[in-house]
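For the protein sequence lines, the chains are P and C, in the order given.
Residue numbers 4 to 297, in my numbering, belong to the letters of the first sequence in order.
Residue numbers 53 to 282, in my numbering, belong to the letters of the second sequence in order.
Glycine included, C-beta positions come from ideal geometry on N, C-alpha and C.
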Amino acid sequence: MNLNAIKYCLRQGVVSLFRNFWLAVVTAGMIAVSLAILGGFLLVALNVGQILYNIAGNVEISVFLRDDADQELIRTRLDGLDGVREHTFIPREQGLTDFGYALGDSALFAGLAGENNPLPDMFRVRVGESDMVEALAEKMRAFPGVEFVDYGEELVARLLGVTRWLNAFFLAISFLLAASAVFLIVTIIRLSVMARQEEIGVMKYLGASNFFIRAPFFLEGMAMGWAGALSAAVALGAAYHRLAFSLQREALLFFLQPVTDPEKLWPVFAGLLALGTVMGGLGSLVSVRRFVRA
Amino acid sequence: MIQAENITKLYKVGGNVIKVLNDINLQVEKGEFIALQGPSGCGKSTLLNILGCLETATSGRILIDGVDTSRLNDDDLAKIRQGKIGYIFQAYNLIPTLNAYENVVLPMLFAGEDDGKSSMAAKRTAMLLKSVAMHDRMTHKPSELSGGEQQRVAIARALSNNPSILIGDEPTGNLDSKTGLAVLDILINLNKEGQTIILATHDSTIAHMASRIVKMKDGRIINNSSTKEH
Chain P
4 MNLNAIKYCL
14 RQGVVSLFRN
24 FWLAVVTAGM
34 IAVSLAILGG
44 FLLVALNVGQ
54 ILYNIAGNVE
64 ISVFLRDDAD
74 QELIRTRLDG
84 LDGVREHTFI
94 PREQGLTDFG
104 YALGDSALFA
114 GLAGENNPLP
124 DMFRVRVGES
134 DMVEALAEKM
144 RAFPGVEFVD
154 YGEELVARLL
164 GVTRWLNAFF
174 LAISFLLAAS
184 AVFLIVTIIR
194 LSVMARQEEI
204 GVMKYLGASN
214 FFIRAPFFLE
224 GMAMGWAGAL
234 SAAVALGAAY
244 HRLAFSLQRE
254 ALLFFLQPVT
264 DPEKLWPVFA
274 GLLALGTVMG
284 GLGSLVSVRR
294 FVRA
Chain C
53 MIQAENITKL
63 YKVGGNVIKV
73 LNDINLQVEK
83 GEFIALQGPS
93 GCGKSTLLNI
103 LGCLETATSG
113 RILIDGVDTS
123 RLNDDDLAKI
133 RQGKIGYIFQ
143 AYNLIPTLNA
153 YENVVLPMLF
163 AGEDDGKSSM
173 AAKRTAMLLK
183 SVAMHDRMTH
193 KPSELSGGEQ
203 QRVAIARALS
213 NNPSILIGDE
223 PTGNLDSKTG
233 LAVLDILINL
243 NKEGQTIILA
253 THDSTIAHMA
263 SRIVKMKDGR
273 IINNSSTKEH
């Protein structure tokens, strides 16, 4: 493969694009719509993921200790567990006070102070990932001196269920959208191949290898995919920026704060560009392989 | 040089099988000028396509310079077409988006000889276009050339990889008699310089300029004789 061959393939790809210019524009537009919807779903998934992460981050495991428990030993064990974000020791006295506060009257349990306090000492443990809660709680139950371990089993199970369902839903929608975009590209390249059938025949007469025949179509497909993806990324980026800006200003929607961290957002947009280009190339390969046989 | 042995070609059209070529045997020696003559549909173009490695025979084999082409894969056949065979068509078949120069240099590009670094391909292209008196129209696209001019560019293109065999399918069929004779003149001169040529034609005048006429009918060769015998 030499420089002139690359130049020839590039040029023929561009010529083909301009020959079917409006068809290419319509295809790139349809790819842009598909990818914008797909990107929109990805951004929703990213934000839902963040909300669920925030909720999961607030799930606590309460580790209640027996009276003879070695507090330092358990602290060391907790430090050694992967997935534990932080832990706080709550002495039984503070537990009683907190309980009183939680019920709205700190004097309510005044008679249960000191020796009469029925509450045990405990550790409050926060974990990084909600799907680790159950396994970590199980490990903590086995620590010496632990009487019982409690966490919001039902909430965690529901959270996990919702997360899995949403992930599956987003995955299915994304797959359908990507497949329809590939189908579009296959169709458009097929039209392009049919329009150039005679030229392809002449190229074969002249001894062109399959590579020479296929490469311009491959580039044409990639260019359409890339143009569509770029339009989708720009439109989506602008819309998201506007939405995020208005949500951030809305104090009442504090629980719906959108993801604005560029490190989390750029993979979505870069992914869209890469996906559009790959889909374009893939679609044209499928089409050309099927319709251009030496 | 080219040897066709027991070539049969069948096409399936709907539920019917049509025998286009029926047990063809033909030998073409280096430097020969052969005219394939016969009515439309007698199998001339199919035989040319099979001799030129564009189609495969249903049975039989083609040997080019001793190589059995029926055993070659797509890429090897493409290499044979690149290096050993040049084609000229009735409808010229130049690539419409490329100018005369680019059309002629194209087979060299496919063969990897036009690498953009050496000027050999450029020199050869200019020389070929000059040999068909088209050097002053190098930058013209096919749509800007007359039929005769397009066919001359097509001849230059067919010669671009210095092929052993030049195959022409009614190359003067779309041209008026004067332009057709001019194109034929180029082919005769090429043959005098040692170029092997196989030409399909309806025209008896053109056929009689060849060294041998192979007459075909209903997919068979019915006469194969030197023009001196006619």
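Own chain partners of residue i with C-beta closer than 7 Å, once the 5 adjacent residues on each side are dropped
{"i": "residue 201/C", "result": "186 and 189"}
{"i": "residue 222/P", "result": "12, 13 and 16"}
{"i": "residue 83/C", "result": "246 and 248"}
{"i": "residue 63/C", "result": "70 and 72"}
{"i": "residue 236/C", "result": "224, 258 and 261"}
{"i": "residue 36/P", "result": "none"}
Proximal residues of chain C, C-beta to C-beta of residue i below 8 Å
{"i": "residue 16/P", "result": "By Cβ distance, chain C contributes nothing, its closest Cβ being about 12 Å from residue 16/P, past 8 Å."}
{"i": "residue 291/P", "result": "Within 8 Å Cβ-Cβ: nothing; residue 291/P doesn't reach chain C, min ~14 Å."}
{"i": "residue 23/P", "result": "The premise fails here: residue 23/P is roughly 13 Å from chain C at the closest Cβ pair, so nothing lies under 8 Å."}
{"i": "residue 212/P", "result": "127, 130 and 162"}
Chain-ordered chain C contacts of residue i [CB-CB under 7 Å]
{"i": "residue 11/P", "result": "161"}
Limits of the alpha helix (DSSP H) - the one that residue i falls within
{"i": "residue 53/C", "result": "No alpha helix (DSSP H) contains residue 53/C, which DSSP labels as neither H nor E."}
{"i": "residue 74/P", "result": "74-82"}
{"i": "residue 275/C", "result": "Element bounds for residue 275/C: not the alpha helix (DSSP H) but the beta strand (DSSP E), 272-278."}
{"i": "residue 87/C", "result": "First-last for residue 87/C: 85-89, but that is the beta strand (DSSP E), not the alpha helix (DSSP H)."}
{"i": "residue 229/C", "result": "229-244"}
{"i": "residue 268/C", "result": "From DSSP, residue 268/C is part of no alpha helix (DSSP H) but of the beta strand (DSSP E) over 264-269."}
{"i": "residue 7/P", "result": "6-22"}
{"i": "residue 203/C", "result": "199-210"}
{"i": "residue 136/C", "result": "126-136"}
{"i": "residue 96/C", "result": "96-103"}
{"i": "residue 162/C", "result": "152-162"}
{"i": "residue 204/P", "result": "200-208"}
{"i": "residue 139/P", "result": "136-144"}
Beta carbon of residue i nearer than 7 Å to that of residue j
{"i": "residue 221/C", "j": "residue 97/C", "result": "yes"}
{"i": "residue 94/P", "j": "residue 124/P", "result": "yes"}
{"i": "residue 66/P", "j": "residue 165/P", "result": "no"}
{"i": "residue 50/P", "j": "residue 261/P", "result": "yes"}
{"i": "residue 220/P", "j": "residue 192/P", "result": "yes"}
{"i": "residue 206/C", "j": "residue 140/C", "result": "yes"}
{"i": "residue 128/P", "j": "residue 87/P", "result": "yes"}
{"i": "residue 69/P", "j": "residue 156/P", "result": "no"}
{"i": "residue 19/P", "j": "residue 212/P", "result": "no"}
Contacts around residue i, its chain only, beta-carbon distance under 8 Å, and the 5 residues preceding and following it disregarded
{"i": "residue 60/C", "result": "71, 73, 74, 75, 76, 109, 110, 111 and 112"}
{"i": "residue 157/C", "result": "166, 173, 174, 177 and 212"}
{"i": "residue 136/C", "result": "116, 117, 215, 216 and 217"}
Short CB-CB distance (under 7 Å) between residue i and chain P
{"i": "residue 133/C", "result": "yes"}
{"i": "residue 166/C", "result": "yes"}
Cross-chain neighbours of residue i in chain P, by beta carbon under 8 Å
{"i": "residue 139/C", "result": "208 and 209"}
{"i": "residue 106/C", "result": "207 and 208"}
Partner residues on chain C for residue i, Cβ-Cβ distance less than 9 Å
{"i": "residue 202/P", "result": "145, 147, 148 and 149"}
Range of the contiguous beta strand (DSSP E) that encloses residue i
{"i": "residue 125/P", "result": "125-130"}
{"i": "residue 88/P", "result": "87-93"}
{"i": "residue 251/P", "result": "No beta strand (DSSP E) contains residue 251/P, which is instead part of the alpha helix (DSSP H) from 213-252."}
{"i": "residue 113/C", "result": "111-116"}
{"i": "residue 251/C", "result": "248-253"}
Residue i: contacting residues in chain P (beta-carbon distance under 7 Å)
{"i": "residue 158/C", "result": "209"}
Any chain C beta carbon closer than 7 Å to residue i
{"i": "residue 221/P", "result": "no"}
{"i": "residue 215/P", "result": "yes"}
{"i": "residue 7/P", "result": "yes"}
C-beta neighbour in chain A for residue i, strict 7 Å
{"i": "residue 218/C", "result": "Checking the listed chains, one finds no chain A in this structure; the protein chains it contains are P and C."}
Residues near residue i in its chain [Cβ-Cβ closer than 6 Å; skip 5 each side]
{"i": "residue 78/C", "result": "56"}
{"i": "residue 259/C", "result": "87, 89, 253 and 265"}
{"i": "residue 198/C", "result": "none"}
{"i": "residue 93/C", "result": "none"}
{"i": "residue 204/C", "result": "184 and 186"}
{"i": "residue 131/P", "result": "86 and 88"}
{"i": "residue 191/C", "result": "151"}
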